[in-house]
Structures are given as structure tokens and as C-alpha cells.
Amino acid sequence: MKRNNRFSHESLQNEKTIKVLMEALSNGLAKGKVVLEDENDSMILEPKGLLKLKISANQDEDRSRITVRISWKGEENIPKGKSIKIHSK
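Residue numbers (the numbering used here): 97 to 185.
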């Protein structure tokens, strides 16, 4: 598998498939290795140390969006230990 500098994928998926993908991402983060691949491309990431987490959401009349950004290495001035909760009720 080649190592690229960029990976991008966009597709329509149902909630169950997205849950499986998010669980795989979570497991990869825990193990320190995330492999992303689709029919066109692939990428291997190795997150280590403190990771910066940014979650944002917006909702318009006919569209909702959740954006999750995880980054690491070289990140400075990040508020450490800031609390966030995600749940479904």
C-alpha cells in the first residue's frame, strides 16, 4: 500500500455503516495506526501523543452537518483537558 500525502473520500452511507466506520477509526486511534482506503486511494496515519480534537456542528433548514477534526504533532497552544460530552438521548 502506497503512502500518500492526501486522502479524500465522499459518499452516501447509512447510519449503521457510518457507525462501523467511526468505530474502526476509534480502534485505529487507540492502536496508533489508522488505515484509510477506497477504490482510488489509500493512506496510513500513525497518531501519537496528545491529539487535538475539534468538533463543530451546524443546522440549517434542510441540512445538518457534524465535522470532526483530529490532528497531532506540532500543535501548540491547545487547551488541555477541556471537557466535551457526546451522547444520544
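Glycine is no exception: its CB is placed at the ideal position from the N, C-alpha and C atoms. Computed from a prediction, not measured in an experiment: that's the story for all the values here.
Rounded to a whole number of angstroms, what is the C-alpha to C-alpha distance between residue i and residue j?
i: Q154; j: T163; result: The sequence as given places Asn at residue 154; Gln does not occur at that position. One C-alpha to the other measures close to 9 Å.
i: L146; j: S167; result: 9 Å
i: M97; j: D134; result: Since pLDDT at M97 reaches only 48, below the 50 mark, its modelled position is unreliable, and the value read off the structure follows with that caveat. For M97 and D134, the distance between alpha carbons rounds to 12 Å.
i: D137; j: S179; result: 35 Å
i: I114; j: K169; result: 27 Å
i: S104; j: V116; result: 18 Å
Give every residue of the same chain whose Cβ lies closer than 7 Å to the Cβ of residue i, excluding the five residues on either side of it in the sequence, and list them in chain order.
i: E119; result: none
So, under 8 Å CB-CB, residue i and residue j are touching, yes? Tell me the CB distance rounded to an integer number of Å.
i: R165; j: K150; result: 4 Å
i: K144; j: G128; result: 6 Å
Report the three-state DSSP secondary structure of residue i (helix, strand or coil).
i: N110; result: coil
i: S179; result: coil
i: E157; result: coil
Within its chain, find whatever has a CB closer than 6 Å to the CB of residue i; leave out the 5 residues flanking it on each side and keep chain order.
i: V130; result: G124 and L141
Going by DSSP, which residues form a beta bridge with residue i?
i: K245; result: In the structure as shown, the chain begins at 97 and stops at 185. Residue 245 is therefore absent and cannot be evaluated.
i: M139; result: L132
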